[in-house]
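One point on numbering: in our numbering, the residue at position 54 of the sequence shown is 50, and numbering is uninterrupted. For glycine and all other residues, C-beta sits at the position ideal for the given N, C-alpha and C. Only a predicted model underlies this, so the values are computations on that prediction, with no experimental measurement involved.
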Amino acid sequence: MEAVPRLPMISCDMKISPQNTEFGRILRKNAIKAPMDFTGCSILKRYYSQLHKLGSRFPMTDDGPACVPFMWTDIYSGLLIT
């Protein structure tokens, strides 16, 4: 390896997003009482994508170690969904 020249490391500037990266309480609070318009749809999509990303990183299937039982009542049919 003595004949191979060493290349200098490339330095890149750190990129900073203009959007807030805190998705915890504020996003959940907004998703619970989302308005029935385009803004509410956007909030719900953003909240869903965060939950989906969380599900892809942690094994939350029915028999997975990070499984969390989740139940809700359907607003239209009144049925309990598990």
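Integer-rounded CB distance, given that residue j should sit under 8 Å from residue i
| i | j | result |
| --- | --- | --- |
| R24 | Y43 | 7 Å |
| M86 | T78 | Examination of residue 86 is not possible in this model, given that the chain is present from -3 through 78 alone. |
| N26 | I39 | 5 Å |
Extent of the continuous alpha helix (DSSP H) to which residue i belongs
| i | result |
| --- | --- |
| C37 | 34 to 53 |
| I22 | 21 to 28 |
The ligand NAP heavy atom lying under 8 Å from the CB of residue i
| i | result |
| --- | --- |
| R42 | Here there are no bound small molecules, and the ligand NAP is not part of this structure. |
Strand pairing of residue i, partner residues [DSSP]
| i | result |
| --- | --- |
| L76 | T69 |
Neighbourhood of residue i by C-beta, 8 Å cutoff - its chain only, sequence neighbours within 5 removed
| i | result |
| --- | --- |
| P61 | P55 |
7 Å Cβ shell around residue i - same chain, five flanking residues per side excluded
| i | result |
| --- | --- |
| R53 | none |
| G36 | A30 |
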